[in-house]
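In our numbering, the protein residues as written are 111 to 293.
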């Protein structure tokens with residue numbers, strides 16, 4: 111039900127599943143396996159997969175080992191890669207152009223970090239007119255509780271809870287499990 115004209119398609123958007131980002135993430139292996147399942151199903155059904163890779167000159171330099179996609183996942187020929195330096199995958203990137211070229215008005219979102227780049231991108235998509243579905247068991251975050259944040263399991267549970275009921279005029283949000291995701 112996107113508000114974007116002539117955008118009937120869905121894109122699986124995989125955000126920041128990079129060595130340096132998910133190395134210590136909550137239930138990393140299970141989440142990465144779920145993302146791999148989503149990617150395989152998307153490819154089988156002809157749903158475009160858009161990969162988003164974060165970089166930071168000090169903490170995550172582009173082309174470093176930490177910046178690389180985790181070894182369990184691989185970008186296939188022809189799949190689009192978006193490079194970002196802000197939490198919202200739309201900010202100062204070509205994501206909007208990539209999605210427009212694909213005719214995508216609905217995003218299925220998976221990846222990391224739940225409390226930063228996942229949330230920012232979901233909200234960024236919704237305010238730009240996209241439908242945005244979060245795959246509830248295919249996103250993760252690291253433990254920031256030493257800084258006063260809730261533990262990762264609670265951050266993930268809270269994000270899933272509020273995104274399940276999130277809506278905007280003419281746009282849909284919500285959550286699905288990996289098994290139920292329509293990709």
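For glycine and all other residues, C-beta sits at the position ideal for the given N, C-alpha and C.
Keep in mind it's a predicted model, so treat the numbers as computed, not measured.
**Prompt:** Which runs of the alpha helix (DSSP H) spanning at least 4 residues fall entirely within the region 156 to 183, listed in chain order?
**Reply:** For the alpha helix (DSSP H) assignment, the region 156 to 183 encloses no uninterrupted run of at least 4 residues.
**Prompt:** With residue 288 and residue 147 assumed to form a contact (beta carbons below 8 Å), what rounded beta-carbon distance in angstroms separates them?
**Reply:** The residue you call residue 288 lines up with position 178 of the chain shown. The residue you call residue 147 lines up with position 37 of the chain shown. Rounded, the Cβ-Cβ distance is 6 Å, consistent with contact.
**Message:** Output needed for residue 158: all residues of its chain with C-beta closer than 6 Å, excluding positions within five of it in sequence on either side, in chain order.
**Reply:** For the purposes of this step, residue 158 is taken as the residue at position 48 of the chain shown. The residues are 121, 212.
**Request:** Could you tell me the boundaries of the beta strand (DSSP E) in which residue 264 lies?
**Result:** Within the chain shown, the letter at position 154 stands for residue 264. From DSSP, residue 264 is part of no beta strand (DSSP E) but of the alpha helix (DSSP H) over 262 to 274.
**Prompt:** Are the region 151 to 170 and the region 185 to 199 touching by the rule of at least three beta carbon pairs closer than 8 Å?
**Reply:** yes
**Message:** My output table needs one value for residue 229: the three-state DSSP class, helix, strand or coil.
**Reply:** Start at 1 with the first residue of the chain shown, and residue 229 comes out as number 119. Helix at residue 229.
**Prompt:** Once you ignore the five residues that flank residue 247 on each side, which residues in its own chain have a CB closer than 8 Å to its CB?
**Reply:** Counting from 1 along the chain shown, the entry for residue 247 is found at position 137. Hits under 8 Å: 140, 141, 144, 287, 288.
**Message:** Spatial neighbours of residue 277 within its chain, please: C-beta separation below 8 Å, excluding the five flanking residues on both sides.
**Reply:** Numbered from its first residue, the chain shown carries residue 277 at position 167. Only residues of its own chain outside the window of five on either side were considered, and among them 283 have a CB closer than 8 Å to the CB of residue 277, listed in chain order.
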